[in-house]
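Under the numbering used here, think of the first position of the sequence shown as 533, with each following residue one higher.
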Amino acid sequence: MRLAYLRKGEGQDLVLLHGYLASKESFFPQIEYFSRFFCVTALDFPGFGAAEALTAPWSVADYADWTLCALASLGIDRAHVMAHSFGGRVAIKCLARGEAFERAVLAGCAGIVPPRTMRYRMRVGLYRLVKRIAPRYAEGHFGSAEYRTLPPVMRESYKKIVNEDLREEAASIDRPVLFINGDRDIQTPLSSAEIYHSRVKGSRLFVMEGCGHFAHLEDPLAFNAAAEEFLR
Numbered sequence: 533m534r535l536a537y538l539r540k541g542e543g544q545d546l547v548l549l550h551g552y553l554a555s556k557e558s559f560f561p562q563i564e565y566f567s568r569f570f571c572v573t574a575l576d577f578p579g580f581g582a583a584e585a586l587t588a589p590w591s592v593a594d595y596a597d598w599t600l601c602a603l604a605s606l607g608i609d610r611a612h613v614m615a616h617s618f619g620g621r622v623a624i625k626c627l628a629r630g631e632a633f634e635r636a637v638l639a640g641c642a643g644i645v646p647p648r649t650m651r652y653r654m655r656v657g658l659y660r661l662v663k664r665i666a667p668r669y670a671e672g673h674f675g676s677a678e679y680r681t682l683p684p685v686m687r688e689s690y691k692k693i694v695n696e697d698l699r700e701e702a703a704s705i706d707r708p709v710l711f712i713n714g715d716r717d718i719q720t721p722l723s724s725a726e727i728y729h730s731r732v733k734g735s736r737l738f739v740m741e742g743c744g745h746f747a748h749l750e751d752p753l754a755f756n757a758a759a760e761e762f763l764r
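Here is the structure:
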C-alpha cells in the first residue's frame, strides 16, 4: 500500500502512531519538539489521513503487521515508538512480538476492555434484534458517535478492534514502557493505564492532572518533558 508519512530530524528513529479517526498531524507538537533529538517518522494508518482506504475489515493484528512492513520499507529498525489511544493498541501488539521497538511511550493507551454490564448486554441484544428487522435503522441509531461516522468496512474493522482485550499481550512485553494518562480521561480511563502498568514488568506510569484523552495536545510541555526524560 502507498505510505503516507511525515519525517523530520536526525538521529535515532522515533515512530509516532496516531489514534482512531486521527492522522499523523495530530502529533504536531511532538513532531516539532522531538525532531530536535530524533529522526521522527509519523505514519498514517490505512483508512485514516492521507493513507489508502481499507478494502476489508482489519484487526489490531492486521494493523501491527502493516506497521512492521511499513517500517521495513522505510528502513527503520529498532526505533522508539510514541503512540496515542488506538496507536497504543498497535504498539502493544508489536511490542508483545519483541519486534521493531526499543522503548515505548503510550498515551491514553486503548486495549483494556471493561467488564460488560447488564445494561450493555441488553443494548447489544436489542441492537441485534433491530438489525434483523431494520438494519439501516440499527446502524444509524446504535453504537457510539464515533462508530456511526464510519463507512461499512471501517465499522466491521472497528468491531474487531474494540472487542479485543490486550492485557495478555501486555504481560509478555519485555521492553521499557512509559504509560501516560490524563486523570480526566473518560475514553481510556486511568484505571486502564493502571492495569497496563501492572501487567508490563518494569513499566512506568505518569499521570497528567487535569487532562483528558488528548493529554499530549492539552499540555504538550508536560507531556514532552516526561517523554523526553524517558526516551533519552
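Where a beta carbon is used, it is the ideal one built from N, C-alpha and C, also for glycine.
What number of angstroms, rounded off, separates the C-alpha of residue i from the C-alpha of residue j?
i	j	result
TYR659	ILE665	Only weak support exists for where TYR659 lies, its pLDDT of 48 falling under 50; the coordinates are left without a value.
VAL694	GLY543	35 Å
ARG635	ILE718	26 Å
ASN713	TYR728	11 Å
ALA759	MET533	31 Å
VAL656	LYS540	The predicted position of VAL656 is uncertain, since its pLDDT is 46 and thus under 50; a value taken from the coordinates is nonetheless stated next. Computed Cα separation, rounded: 45 Å.
LEU682	GLY744	23 Å
PHE738	VAL645	21 Å
ALA611	ASN756	18 Å
PHE569	PRO561	14 Å
ALA623	LEU600	10 Å
Quick one, which of the options has its alpha-carbon nearest residue i's?
i	options	result
GLY839	ALA639, PHE577, ILE705	Outside the shown range of the chain (533 to 764) lies residue 839, about which nothing can therefore be said.
LEU548	ALA585, TYR565, ARG534	TYR565
LEU763	ASP751, GLU750, ARG736	ARG736
PHE746	VAL613, GLU631, ALA554	ALA554
GLU741	ARG731, PRO752, ASP545	PRO752
ASP697	ARG687, PHE618, PRO708	PHE618
ILE608	HIS550, GLU631, VAL732	GLU631
GLU688	GLY579, LEU538, PHE559, SER558	GLY579
Is the shortest distance between the beta-carbon of residue i and the beta-carbons of chain D less than 8 Å?
i	result
VAL572	Among the protein chains of the structure shown there is no chain D, as only one such chain exists.
Hey, residue i and residue j are a contact pair by Cβ (cut 8 Å); roughly how many whole angstroms apart?
i	j	result
LEU710	VAL637	5 Å
PHE633	CYS641	With 8 Å as the limit, PHE633 and CYS641 do not qualify as a contact, their Cβ atoms being about 14 Å apart.
ASP545	THR573	6 Å
ALA588	ALA536	About 19 Å separates the two Cβ atoms, so there is no contact after all.
When DSSP builds the beta bridges, which residues end up paired with residue i?
i	result
ASP545	CYS571
ALA615	LEU549, LEU638
Report whether the distance from the Cβ of residue i to the nearest heavy atom of the ligand MN is below 7 Å.
i	result
TRP590	Ligands in the displayed structure: none, and consequently the ligand MN is not present.
Every unbroken alpha helix (DSSP H) within the stretch 551-582, with a cutoff of 4 residues, ordered by chain
560-566
Could I get the ranges of all uninterrupted beta strand (DSSP E) runs contained in the stretch 669-730, with 3 residues as the minimum, in chain order?
709-714
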